[in-house]
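In this note's numbering, the protein residues as written are 1446 to 1571.
Each residue gets a CB set at the ideal place from its N, CA and C atoms; glycine is no exception.
Worksheet for the structure shown next.
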């Protein structure tokens, strides 16, 4: 087991955001892209009142997210392609990255980096 304690990375995460994060990871692992879009909305990435399916967000999110859950970390992902697709998605849709999630991503990247040193096919999601 690995625990990362960094008191510079503290924030408040609401109960609904915590549950949505757990469900987001579960939905990522089974490639349930409509549910991933709903989870992202609950966490604050997609504004309330926007229906992700009606807005056409589900398919682009699925294409991008499927690249990120394959395992092996950044070495096995075409980062340029993912960044271009994320940029295009951001231009087309009102997406916001909540501050609490930036801190979680930083922690996950540290954990993934340590784990990839032991197992090059490690995936933090699977």
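Three-state secondary structure (DSSP) of residue i
i	result
residue 1500	coil
residue 1505	helix
residue 1562	helix
residue 1455	coil
Beta-carbon spacing of residue i, residue j below 8 Å
i	j	result
residue 1540	residue 1491	yes
residue 1502	residue 1471	no
residue 1553	residue 1458	no
residue 1478	residue 1506	yes
Assumed close pair residue i, residue j - CB separation to whole angstroms, cut-off 8 Å
i	j	result
residue 1455	residue 1469	With 8 Å as the limit, residue 1455 and residue 1469 do not qualify as a contact, their Cβ atoms being about 21 Å apart.
Nearest-angstrom Cα separation, counted from residue j out to residue i
i	j	result
residue 1532	residue 1500	17 Å
residue 1555	residue 1548	11 Å
residue 1563	residue 1493	41 Å
Check whether the region 1503-1514 touches the region 1527-1538, taking contact to mean three or more Cβ pairs, one atom from each stretch, closer than 8 Å.
With contact defined as three or more Cβ pairs closer than 8 Å, the region 1503-1514 and the region 1527-1538 are in contact.
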